[in-house]
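Residue numbers for the sequence shown follow my numbering, so the first one is 85 and each next one is one higher.
Ideal placement from N, C-alpha and C gives every residue a C-beta, glycine not left out.
Only one structure is covered here, and it is reproduced in the block below.
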Amino acid sequence: MTAPGTAPDNDIPAGDDGTPRSSRRVRHWLAGAGVTALAAVLGITLAVRGGATPACAAPPTGNAVHKGKASFYDAGRSGGNCSFPGPPADRLYVALGASQYSGSAACGSYLEVTGPKGKVRVMVMDQCGGCGPSKIDLSTEAFTRIADRSQGIAPVTYRAVVNPPLDGGLTFRLKGGASKYWFAVQVGNHGNPLRSVEAMGPGGGFRKAARQSDNHWTIEGGIGPGPYSIRVTDVYGRQATATGIRMVTKQVQRSTATLASASPTPSGSPSAPPSPTTAPAPTPTESVAPTATVEALAGAAAPLDRPRC
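Right, here's the structure in full:
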């Protein structure tokens with residue numbers, strides 16, 4: 085212990101608070117380093133929890149063939165990160181890594197996956213947290229169609245299914261909490277990845293919705309109580325508009341508007357748009373959901389500009 089009135093052992097003048105200046109500098113440096121490290125850790129944690137989309141990200145489109153590996157998992161009754169009411173009836177689905185999931189931009193699109201035993205068509209339903217750019221995670225049912233389950237992981241190639249044949253037209257599901265003051269909708273049964281969603285309320289005038297990472301499209305401030313007209317455009321420029329969508333949350337509303345053709349188109353750009361198809365009757369769980377009508381259908385070919393990395 086230093087006697088009163090003598091200099092500290094390190095013989096360095098103290099600051100105004102009596103703490104040696106060198107010690108204070110060390111403490112400040114350590115504190116700064118600690119804050120920096122903590123910020124880095126928090127940044128990583130927030131990015132993971134928030135589902136941050138990589139700077140260079142886009143869903144598989146066109147004729148590009150991707151080579152990689154596939155594992156398998158079981159989502160149970162969950163609709164995955166895409167927030168679907170549940171998995172597709174045939175349980176043929178896939179989870180993509182963050183770059184190809186692309187902040188939900190891949191949701192509802194389809195891939196053709198080829199493995200050692202054959203091919204399978206799967207719907208993008210989920211994000212795979214442990215998958216890199218060349219890794220996909222198939223449903224158990226899909227994996228067993230292209231490889232032996234005992235393999236665990238199998239080499240695969242996969243590509244987008246452009247204009248996949250679908251049963252019925254576009255579906256719309258307003259998110260719980262949506263109201264005339266906050267518009268939030270999920271679009272389903274579209275086949276190709278979506279480029280944009282616009283909606284118009286009773287007041288007139290389409291407003292562009294913002295895509296969210298949970299596969300909903302939102303308009304802050306809302307667009308009134310409905311009914312709504314919703315215009316959907318896919319990454320190839322195909323466009324359809326459905327009308328009569330009501331303010332009913334958590335219910336699937338079917339329409340006869342469709343983006344996809346009756347059969348897949350081999351080229352990256354779709355062919356001329358088909359005539360709208362008739363939507364099937366609602367299932368018992370969707371009995372309260374109304375049927376929307378087609379307003380317009382256009383088909384200008386304009387492939388999505390993929391980011392250059």
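Sequence-distant residues of the same chain with beta carbon closer than 6 Å to A294, five excluded per side = Numbered from its first residue, the sequence shown carries residue 294 at position 210. Hits under 6 Å: T302.
task = Flag this pair as yes or no: are the beta carbons of N223 and R175 separated by less than 8 Å?
result = Within the sequence shown, numbered from 1, the residue matching residue 223 stands at position 139. Within the sequence shown, numbered from 1, the residue matching residue 175 stands at position 91. Here the sequence assigns Ser to residue 223, which means Asn is not the residue at that position. The answer is yes: Cβ separation under 8 Å.
Test item: CB-CB of T394 and S313 under 8 Å = Since the first residue shown for the chain is 85 and the last is 393, residue 394 is missing from the structure and cannot be characterised.
key: Inter-residue Cα distance where the pair is S351 and M207   = The sequence position of residue 351 within the sequence shown is 267, counting from 1. The sequence position of residue 207 within the sequence shown is 123, counting from 1. Confidence in S351 is poor, its pLDDT being 38 and thus under 50, which makes the residue's placement unreliable; the coordinate value appears in the next sentence. Roughly 20 Å separates the two Cα atoms.
task = Report all residues from its chain with a CB closer than 6 Å to the CB of N165; omit the five preceding and five following residues, and keep chain order.
result = Reading the sequence shown from its first residue, position 81 is the one you call residue 165. So the qualifying residues of the chain are D210, Q211.
query = According to the neighbour-count rule (16 or more other Cβ atoms, all chains shown, within 10 Å of its Cβ), is I405 buried or exposed?
reply = With the chain running from 85 to 393 in the structure shown, residue 405 is simply not present.
key: Alpha carbon of G268 to alpha carbon of L254, nearest angstrom   = Within the sequence shown, the letter at position 184 stands for residue 268. Within the sequence shown, the letter at position 170 stands for residue 254. Checking the sequence, you will find Ala at residue 268 rather than Gly. Using only the alpha carbons, I get a separation of about 16 Å.
inquiry  = Only counting the same chain, and skipping five residues up and downstream in sequence, which positions put a Cβ closer than 7 Å to that of G152?
reply    = Position 68 of the sequence shown, counted from the first residue, corresponds to residue 152. Closer than 7 Å at the Cβ level, and outside the excluded window around G152, lie S218, K219, I220, V240.
Neighbourhood of G287 by C-beta distance below 8 Å, restricted to the same chain and skipping five residues each side = Translated into positions along the sequence shown, residue 287 becomes position 203. Only I307, G308 meet the Cβ criterion.
query = Taking all protein chains shown into account, do 16 or more other C-beta atoms lie within 10 angstroms of the C-beta of V149, making it buried, or fewer, making it exposed?
reply = Here the question's residue 149 lines up with position 65 in the sequence shown. Residue environment: V149 is assigned as exposed (fewer than 16 neighbouring CB atoms within 10 Å of its CB, all protein chains considered).
query = Given a threshold of 16 other Cβ atoms within 10 Å of its Cβ, counted over all protein chains shown, does G187 qualify as buried or as exposed?
reply = In the sequence shown, residue 187 corresponds to position 103, counting from 1. With 16 or more other Cβ atoms within 10 Å, it is buried.
query = Rounded to a whole number of angstroms, what is the C-alpha to C-alpha distance between G181 and C215?
reply = Looking up residue 181 in the sequence shown gives position 97. Looking up residue 215 in the sequence shown gives position 131. Roughly 5 Å between the two C-alpha positions.
request  = Determine the DSSP secondary structure at I230, reduced to helix, strand or coil.
outcome  = Working through the sequence shown from its first residue, we reach residue 230 at position 146. The answer is helix: DSSP assigns I230 an H, G or I state.
ask   = Which parts of the segment 185-264 are runs of the beta strand (DSSP E), unbroken and 3 residues or longer, counting only runs that do not cross its ends?
value = Counting whole runs of 3 or more residues, the segment 185-264 contains the beta strand (DSSP E) stretches 194-199, 202-211, 219-223, 238-244, 255-258.
ask   = Looking at F227 and A154, is the spacing between their C-beta atoms short of 8 Å?
value = On the sequence shown, position 70 is the one that residue 154 refers to. On the sequence shown, position 143 is the one that residue 227 refers to. Yes, the pair counts as a contact, with Cβ atoms nearer than the cut-off.
message = If you reduce the DSSP assignment to three classes, tell me which class G306 lands in.
response = Position 222 of the sequence shown, counting from 1, holds the residue named residue 306. The three-state reading of DSSP puts G306 in coil, since its state is none of H, G, I, E or B.
ask   = Contact check, G305 vs R330 under 8 Å by CB: the rounded distance?
value = In the sequence shown, residue 305 corresponds to position 221, counting from 1. In the sequence shown, residue 330 corresponds to position 246, counting from 1. Actually they do not touch by this definition, with Cβ atoms about 19 Å apart.
inquiry  = Rounding to the nearest angstrom, what Cα-Cα distance links V271 and A231 in this structure?
reply    = Residue numbering aside, residue 271 sits at position 187 when the sequence shown is read from its first letter. Residue numbering aside, residue 231 sits at position 147 when the sequence shown is read from its first letter. Cα to Cα, the separation comes out at about 32 Å.
task = Please report the residue range of the beta strand (DSSP E) in which M284 lies.
result = Here the question's residue 284 lines up with position 200 in the sequence shown. Looking at the DSSP string, the run of the beta strand (DSSP E) that includes M284 is 278-284.
First through last residue of the beta strand (DSSP E) which encompasses Q337 = Translated into positions along the sequence shown, residue 337 becomes position 253. 336-339 is the span of the beta strand (DSSP E), which, as asked, contains Q337.
ask   = Between which two residues does the beta strand (DSSP E) harbouring S167 extend?
value = By 1-based counting over the sequence shown, the position of residue 167 is 83. From DSSP, S167 is part of no beta strand (DSSP E); its letter is neither H nor E.
query = Nearest CA to the CA of P200: which residue from N247, Y242, S280?
reply = Position 116 of the sequence shown holds residue 200. When each option's Cα is compared against that of P200, the closest is Y242.
request  = Just the C-alpha distance for Q296 and A283, rounded to the nearest angstrom, thanks.
outcome  = On the sequence shown, position 212 is the one that residue 296 refers to. On the sequence shown, position 199 is the one that residue 283 refers to. The straight-line gap from Cα to Cα measures roughly 15 Å.
key: Nearest-angstrom Cα separation, counted from D298 out to K264   = For this step, residue 264 is matched to residue 180 along the sequence shown. For this step, residue 298 is matched to residue 214 along the sequence shown. Taking the straight line from one Cα to the other gives about 21 Å.
key: Residue closest to E225, alpha-carbon to alpha-carbon, out of L343, V319, P143, Y157   = Position 141 of the sequence shown holds residue 225. The option with the nearest alpha carbon to E225 is Y157.
First and last residue of the uninterrupted beta strand (DSSP E) at A324 = In the sequence shown, the residue the question calls residue 324 occupies position 240. First-last of the beta strand (DSSP E) with A324: 322-329.
task = Identify every residue that forms a DSSP beta bridge with A294.
result = Mapped onto the sequence shown, residue 294 falls at position 210. Checking the DSSP bridge columns, you'll see A294 partnered with T302.
task = For V372, count neighbouring Cβ atoms within 10 angstroms of its own Cβ and tell me buried if that reaches 16, exposed if not.
result = By one-based count along the sequence shown, residue 372 stands at place 288. Confidence at V372 is low in this model, with a pLDDT of 32, below 50, so the placement of that residue should be treated as unreliable; the coordinate-derived value is given next. The residue in question, V372, is exposed, as its Cβ has fewer than 16 Cβ neighbours within 10 Å.
query = Between the C-alpha atoms of G285 and G146, what's the straight-line distance to the nearest angstrom?
reply = The residue you call residue 285 lines up with position 201 of the sequence shown. The residue you call residue 146 lines up with position 62 of the sequence shown. Cα to Cα, the separation comes out at about 34 Å.
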